[in-house]
Amino acid sequence: MLDNPILITGVYRSGTTMLTGFLDTHENLEIDHPSVQYFRYIIKKNISPNHYKDIVHSIAERVNFRYQIKLNTSRILSEIENNPEGEVSHKIIYDCVMRGRNNYSGKRWGEKTLLEWTNIPTFIDMYPSGKTIHIVRDPRDVLASYKNMTYETKDKYLDAIFNCLDSMSHGIKYSSTLSKSDYYLVKFEDIINNKMEELEKICRYLDIEFNEANYDQDNVKEGVGSGTVNLTVKSQSSFPSSKSKSFKRWHTSLSSDELNLAEGLLSNVMKHFDYKLSDNFND
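This is how it looks when you write it as structure tokens:
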């Protein structure tokens, strides 16, 4: 059993895929892009761990259908039933599934799963030696990016504003209420501007060796299962082709109404994270 897994979360278009790709290059880590999503599909639905067989089979069917990932359900169920703690819990089920998903590589597992910052305390309760990483980004750039890529109809893309508000508010709260050994908050912009310095800090937090050569952009992959691609493929990449294209996309992508709405709702949290408000903003 593994007692120190890693959870990476944040809003969509905030850099979670980029960070996951970087960390997954480490020889001792296996960080999964969202395929299992245990919190989304199991915890949030209040499914009892007593139904572990149904849980395992439902996860296996979903990851096979969506990502062509095949799980050895017999082995996973056997490990759950014979776990050293005796009692079956979500901690045990999640760990057994993730190690099975990673083909029992022996590496420390982690998962990127979007919109799960409210479950960071739950993850820490499940795995007291685990680590959580919460990434935030200028919410105007999140909105601009999401607006241009989402399949949501009409004005539903504006949900990004409220998700950013909740994410950043929780980030402020957790920074003062959770232990620094359990919780790490990082800004997308800091990773882009000072990649190696920030990755070294994150490696130190994760108690793993930092090797700059690991994080050469050409070594980084993104995607799940058969959808895995090189992170530098421009047509699909979550990694920005240049620093200038990472920041202030909202200047040209957002209307004045969209910008006013975003800054009107987010000004307080934006100031906390040192995001400068536009010249047209009025308190």
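Going by our numbering, the sequence shown opens with residue 1086, and the numbers climb by one from there.
Ideal placement from N, C-alpha and C gives every residue a C-beta, glycine not left out.
In whole angstroms, what separates the C-alpha of residue i from that of residue j?
i: F1155; j: G1191; result: Note that residue 1155 is Lys in the sequence shown, not Phe. Cα to Cα, K1155 sits roughly 18 Å from G1191.
i: E1343; j: E1274; result: 22 Å
i: F1107; j: K1232; result: 26 Å
i: N1131; j: K1286; result: 35 Å
i: N1299; j: H1357; result: 33 Å
i: T1207; j: G1349; result: 31 Å
i: Q1321; j: G1171; result: Legend: pLDDT at Q1321 = 44, less than 50; position of this residue unreliable, value from coordinates given subsequently. Roughly 44 Å between the two C-alpha positions.
i: S1081; j: S1099; result: As displayed, the chain neither begins before 1086 nor continues past 1368, which places residue 1081 out of reach and without an answer.
i: L1092; j: I1218; result: 6 Å
i: S1340; j: E1237; result: 18 Å
i: D1180; j: N1167; result: 13 Å
i: I1265; j: E1283; result: For the sequence presented, residue 1265 should be read as Lys rather than Ile. Their Cα atoms are separated by approximately 16 Å.
i: T1262; j: Q1122; result: 25 Å
i: G1127; j: A1145; result: Per the sequence shown, the amino acid found at residue 1127 is Ile instead of Gly. One C-alpha to the other measures close to 13 Å.
i: Y1137; j: S1260; result: 34 Å
i: K1361; j: S1143; result: 45 Å
i: W1335; j: L1351; result: 14 Å
i: V1305; j: I1276; result: 15 Å
i: L1199; j: I1209; result: 17 Å
i: E1164; j: D1139; result: 15 Å
Taking the Cβ atom as the reference point for each residue, do residue i and residue j lie within a distance shorter than 8 Å?
i: V1050; j: K1272; result: Residue 1050 lies beyond the range of the chain shown here (1086 to 1368); nothing can be said about it.
i: G1195; j: P1119; result: no
i: A1355; j: P1224; result: Sequence check: residue 1355 is Met here, not Ala. Contact: yes.
i: N1204; j: F1124; result: yes
i: V1148; j: I1161; result: no
i: V1141; j: T1158; result: yes
i: N1296; j: R1193; result: no
i: P1169; j: M1281; result: no
Mind reading off the beta-carbon distance from residue i to residue j? Whole number of angstroms is fine, and I expect it under 8 Å.
i: D1088; j: R1186; result: About 18 Å separates the two Cβ atoms, so there is no contact after all.
i: D1226; j: K1333; result: 7 Å
i: S1338; j: A1229; result: 4 Å
i: T1101; j: K1197; result: 5 Å
i: H1175; j: M1211; result: 6 Å
i: P1134; j: I1178; result: 6 Å
Within the same chain, show all residues whose beta-carbon is closer than 6 Å to that of residue i, passing over the 5 residues directly before and after it, in chain order.
i: V1096; result: V1227, N1248, C1249 and S1252
i: F1366; result: E1348
i: E1201; result: T1094 and F1124
i: Y1269; result: I1218 and Y1290
i: E1038; result: A query on residue 1038 cannot be resolved here, the shown segment of the chain reaching from 1086 to 1368 and no further.
i: C1288; result: F1295
i: D1109; result: I1116
Say the cut is 7 Å; is the CB of residue i nearer than that to a heavy atom of the ligand MG?
i: L1350; result: Inclusion of the ligand MG in the displayed structure is not the case, the ligand content being empty and no account of it being possible.
Beta-carbon within less than 7 Å of residue i's beta-carbon, same chain only, minus the 5 sequence neighbours each way: which residues are those?
i: T1235; result: Y1242
i: H1111; result: I1293 and N1299
i: N1353; result: none
i: T1105; result: I1093, I1116, H1118 and K1197
By Cβ distance below 8 Å, which residues in the same chain neighbour residue i in space, the five residues on each side in sequence not counted?
i: D1240; result: none
i: L1346; result: L1243 and I1246
### Complete runs of the beta strand (DSSP E) confined to the stretch 1226-1300 [at least 3 residues]
1268-1272
### Completely contained alpha helix (DSSP H) runs for the stretch 1117-1200, where each covers 4 or more residues
1123-1126, 1137-1152, 1158-1166 and 1175-1186
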